[in-house]
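Numbering (the working numbering), first residue to last: 1256 to 1518.
Glycine included, each C-beta is placed from N, C-alpha and C at the ideal position.
Written below as structure tokens is the structure these notes are about.
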Ligand SMILES: C[S@@+](CC[C@H](N)C(=O)[O-])C[C@H]1O[C@@H](n2cnc3c(N)ncnc32)[C@H](O)[C@@H]1O
């Protein structure tokens, strides 16, 4: 998918794909500039999926949750090339991803806004050493941990690992949240266009978990069994992308963010 050398998990090849959708038809600032810079770095830029509403909803939904929480220290896991740090300039921002992605992201963001200070952590999220690096950059204040386009690639063992690492960080007024996804809604899996989106990302990432559907009820039980309190918040649906279809409205009408705290 990209010309860069992929030494990490093949999932790293998905890093820039949601951004291409966001740049194609949404009003989110900096997406187009980042895509242009990626092209200069030799990344292949495939055609957008025509379903930018999906990435737009989660992107804007995340910024709304962070803004409403009033929390100013944020960790974005599997950040890829999202422009959140540029669009939330007042937040103390920490991004985690594989080294190839972090190297390119750092270069691009510092070119777009040389004054924006972001802490970049290169590493495998499911390794303790990465969390040790994150810890070193945290200041003692409430923290948001969030991820977009990431949790649908995890299995129960990985979700349990994340809980163990994130719970101590969000103690004292913090939250962990992620968007709802097609993987957590088996009822949409027989809609061919939506299924095709998951199959495409499964093929590129070589991660089969995407179509290992889990129901809302089962995911709720699983997360509660790890000692998490769950709050649900309807997904963001004020979509600017002209590809926001009737089908999109049905999907987003059923999606709710997962907002987690310690019980
Ligand atoms: C589908 S992309 C989403 C990127 C971005 N969050 C977005 O919404 O545009 C998934 C991202 O998670 C990163 N990722 C997945 N598993 C990871 C892991 N175990 N360690 C570090 N990064 C990981 C990938 O490299 C990729 O950038």
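Contacts around residue i, its chain only, beta-carbon distance under 7 Å, and the 5 residues preceding and following it disregarded
| i | result |
| --- | --- |
| residue 1509 | 1440 |
| residue 1314 | 1277, 1283, 1337 and 1403 |
| residue 1267 | 1261, 1353, 1355 and 1356 |
Under the three-state DSSP convention, the category residue i falls into
| i | result |
| --- | --- |
| residue 1498 | coil |
| residue 1370 | coil |
| residue 1517 | strand |
| residue 1426 | coil |
| residue 1396 | coil |
| residue 1271 | coil |
| residue 1283 | coil |
| residue 1468 | coil |
| residue 1484 | strand |
| residue 1459 | helix |
| residue 1322 | helix |
| residue 1259 | At residue 1259, the pLDDT of 41 sits below 50, so the modelled position is not reliable and the matter cannot be decided from this model. |
| residue 1345 | coil |
| residue 1492 | coil |
| residue 1433 | strand |
| residue 1401 | strand |
| residue 1365 | helix |
| residue 1444 | coil |
For residue j and residue i, the rounded distance between their alpha carbons
| i | j | result |
| --- | --- | --- |
| residue 1320 | residue 1340 | 15 Å |
| residue 1330 | residue 1447 | 34 Å |
| residue 1346 | residue 1420 | 22 Å |
| residue 1291 | residue 1518 | 44 Å |
| residue 1432 | residue 1513 | 5 Å |
| residue 1273 | residue 1307 | 8 Å |
| residue 1353 | residue 1405 | 13 Å |
| residue 1367 | residue 1296 | 14 Å |
| residue 1427 | residue 1411 | 26 Å |
| residue 1259 | residue 1309 | Residue placement at residue 1259 is flagged as unreliable, the pLDDT there being 41, under the threshold of 50; a coordinate-derived value is accordingly withheld. |
| residue 1445 | residue 1467 | 13 Å |
| residue 1294 | residue 1382 | 31 Å |
Short Cβ contact (8 Å threshold) for residue i with residue j
| i | j | result |
| --- | --- | --- |
| residue 1305 | residue 1491 | no |
| residue 1277 | residue 1299 | no |
| residue 1342 | residue 1318 | yes |
| residue 1425 | residue 1327 | no |
| residue 1269 | residue 1496 | no |
| residue 1472 | residue 1434 | no |
| residue 1335 | residue 1271 | yes |
| residue 1389 | residue 1349 | yes |
| residue 1449 | residue 1437 | yes |
| residue 1303 | residue 1279 | yes |
| residue 1443 | residue 1351 | no |
| residue 1485 | residue 1470 | no |
Chain-order list of residues whose beta-carbon lies under 8 Å from that of residue i (same chain, five-residue window excluded)
| i | result |
| --- | --- |
| residue 1361 | 1373 and 1375 |
| residue 1511 | 1435, 1487, 1488, 1489 and 1490 |
Neighbourhood of residue i by C-beta distance below 6 Å, restricted to the same chain and skipping five residues each side
| i | result |
| --- | --- |
| residue 1461 | 1265 |
| residue 1407 | 1436, 1438 and 1465 |
| residue 1344 | none |
Problem set entry | Stretch pair the segment 1389 to 1399 + the segment 1464 to 1484: three plus CB contacts closer than 8 Å | Touching, no, given that fewer than three Cβ pairs across the two stretches are closer than 8 Å.
Exercise. Do the segment 1345 to 1365 and the segment 1409 to 1418 touch if we need at least three Cβ pairs shorter than 8 Å?
Worked result: By the Cβ test, the segment 1345 to 1365 is not in contact with the segment 1409 to 1418, since fewer than three Cβ pairs between them sit closer than 8 Å.
Exercise. Can we say the segment 1383 to 1393 touches the segment 1312 to 1326, given the rule of at least three CB pairs closer than 8 Å?
Worked result: Here the segment 1383 to 1393 makes no contact with the segment 1312 to 1326; the two share fewer than three CB pairs at distances below 8 Å.
For this session: Report yes or no: do the segment 1275 to 1294 and the segment 1445 to 1463 share at least 3 C-beta pairs separated by less than 8 Å?
Result: Using a Cβ-Cβ distance cut-off of 8 Å, the segment 1275 to 1294 and the segment 1445 to 1463 are not in contact, since fewer than three pairs of beta carbons, one from each stretch, lie closer than that value.
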